[in-house]
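Contents: one structure, followed by commentary.
Residue numbers (the UniProt record's numbering): 1 to 306.
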């Protein structure tokens, strides 16, 4: 039996409920009809850029307040139970990692929240899309992409998915722990790997900030509809939802068909030749057909509502 005399980090899922509460507070502060609020604020001596910048600063300040409370509670808890906690190694290292994790994922969450929020002029619609429609659609889309990559040959008898995992050396494909996501004992943490994950998180924040700036430049109060802040945002959401619906229906229709082609009932193997062409044609064809129908239906529904 392996025993490690050290504290372990928390999984990222421990903070999910905090993220949900944070998002709900933000949406409630926006009011139901954000279009009217935006028109009122922009009629005052404030620019659109100032309003959005202050909104971002307020969210970051709230995040820093939570981090401060988190640090205070953990330090007080450590000294209160010093005799017990001092026996185990790495308490303050784990605390430092958790603080960095909260800040990085909190910042990522804030940018995602602002990006999604800035696409909707109706708060209720924004909440529904953020907690259900968009994440579910993206999950089905990514799942289908992984399935397709898993039956496309990548050479040497392995799939393209495995090949990509080997080339970019992503821990997810290798079944290893990701320090910023999984619970890892402090004695098993490698500094180089931890720093690389911090860098990846920083790059994600940078990319999201650029996306947010682009969306804000496209935003115009006068172009708001009852649901979306612009026709472009409406089109993006509808396309993602349509492809997600197509991927979901395809998952139900193609399970037996694709698995039979891959030989799951006899042995595991990637597809090649005509079987590969059949599987790709089936997947792309069904997704395209279903997505087109759903796209038309959603547009018709939105036109009736708006």
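Beta carbons: idealized from backbone N, C-alpha and C, even for Gly.
Reduced DSSP secondary structure (H/G/I, E/B, other) of residue i
i           : result
residue 196 : helix
residue 174 : A caution first: residue 174 carries a pLDDT of 49, below 50, which makes its placement in the model unreliable, though a value can still be read off. Helix, per DSSP.
residue 272 : coil
residue 191 : helix
residue 132 : helix
residue 250 : helix
residue 280 : helix
residue 180 : coil
residue 267 : Any reading at residue 267 needs caution, since the residue's pLDDT is 46, under 50, leaving its predicted position unreliable; the model's value is listed next. It is coil, neither helix nor strand.
residue 18  : helix
DSSP bridge partner residues for residue i (one or two, in chain order)
i           : result
residue 159 : 153
residue 228 : 120
residue 185 : 8
Presumed contact (8 Å Cβ cut-off) between residue i and residue j, rounded CB distance
i           : j           : result
residue 286 : residue 244 : Actually they do not touch by this definition, with Cβ atoms about 13 Å apart.
residue 149 : residue 160 : 5 Å
residue 105 : residue 12  : 6 Å
residue 86  : residue 229 : Actually they are not in contact, since the Cβ atoms of residue 86 and residue 229 sit about 54 Å apart, beyond 8 Å.
residue 65  : residue 102 : 12 Å between Cβ atoms; not a contact.
residue 272 : residue 153 : 6 Å
residue 183 : residue 10  : 6 Å
residue 133 : residue 241 : 6 Å
residue 238 : residue 284 : Actually they are not in contact, since the Cβ atoms of residue 238 and residue 284 sit about 20 Å apart, beyond 8 Å.
residue 201 : residue 108 : 7 Å
residue 23  : residue 113 : 6 Å
Jot down the residue ranges of each uninterrupted alpha helix (DSSP H) in the region 77-103, minimum 4 residues, whole runs only, in chain order.
Those alpha helix (DSSP H) runs which fall completely within the region 77-103 and span 4+ residues are 82-85.
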